[in-house]
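This report concerns only the one structure given below.
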Amino acid sequence: MLNPRPRAFDPLYEQMEQLVNAAFAGTATDLPWAPAGDVSETDDAYVIETELPGLKKDEIDVSLHDRELTITGEVKERERRGLRHHKQRRTGRFEYRVYLPGDIDAERIDAKLSDGVLTVTVPKATTEKDRHIEVKG
């Protein structure tokens, strides 16, 4: 696989990153970032999968307001020794939002964290099919 840029440019990219961070200190760094995620739909549910490697279930909050599902939390910077040569993993507050297009059954939402992937299954609201209704006397 080809390297996207020659290693000789790494110091230049690091200096540019430091310059941008210094210019926007206190503004852009305070904004939450969005983890990678997928939303799919089956016949009976919406399935949301987000990548949250290294987090524990108690570090993640999943909430629903109307039909908007929100996943929030924070990835803390780990303490390191020595000189860091390259940083690509994100830290800080994150927020993933998705508006679900159809009616949902909020009472049966299920969220599972496994191997760094949070899977939230949101069942669709069931609509009653045609049925015969008995008349009581």
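Residue numbers (full-length UniProt numbering): 1 to 137.
We put the beta carbon where it would ideally sit given N, CA and C, even for glycine.
Less than 8 Å between the CB atoms is what I'm expecting for residue i and residue j, so what's the real figure, rounded?
{"i": "V117", "j": "A111", "result": "Wrong, their Cβ atoms sit about 11 Å apart, outside the cutoff."}
{"i": "residue 140", "j": "E68", "result": "Missing from the structure shown is residue 140; the chain here goes from 1 to 137 and no further."}
{"i": "L19", "j": "P35", "result": "Not really, about 26 Å apart at Cβ, beyond 8 Å."}
{"i": "G73", "j": "L55", "result": "6 Å"}
{"i": "K124", "j": "I109", "result": "Going by Cβ atoms, the distance from K124 to I109 rounds to 11 Å, so no, they are not a contact pair."}
{"i": "R60", "j": "I48", "result": "Per the sequence presented here, residue 60 reads as Ile, with Arg not at that position. Contact flag wrong, Cβ pair sits at about 12 Å."}
Per DSSP, residue i is paired with what?
{"i": "I60", "result": "G73"}
{"i": "I48", "result": "V39 and V120"}
{"i": "residue 144", "result": "Nothing in the structure corresponds to residue 144, since the chain is present only between 1 and 137."}
Hey, quick one: how far does the beta strand (DSSP E) through residue i stretch, first residue to last?
{"i": "V98", "result": "G92 to Y99"}
{"i": "D115", "result": "Looking at the DSSP string, D115 is not in any beta strand (DSSP E), and its letter there is neither H nor E."}
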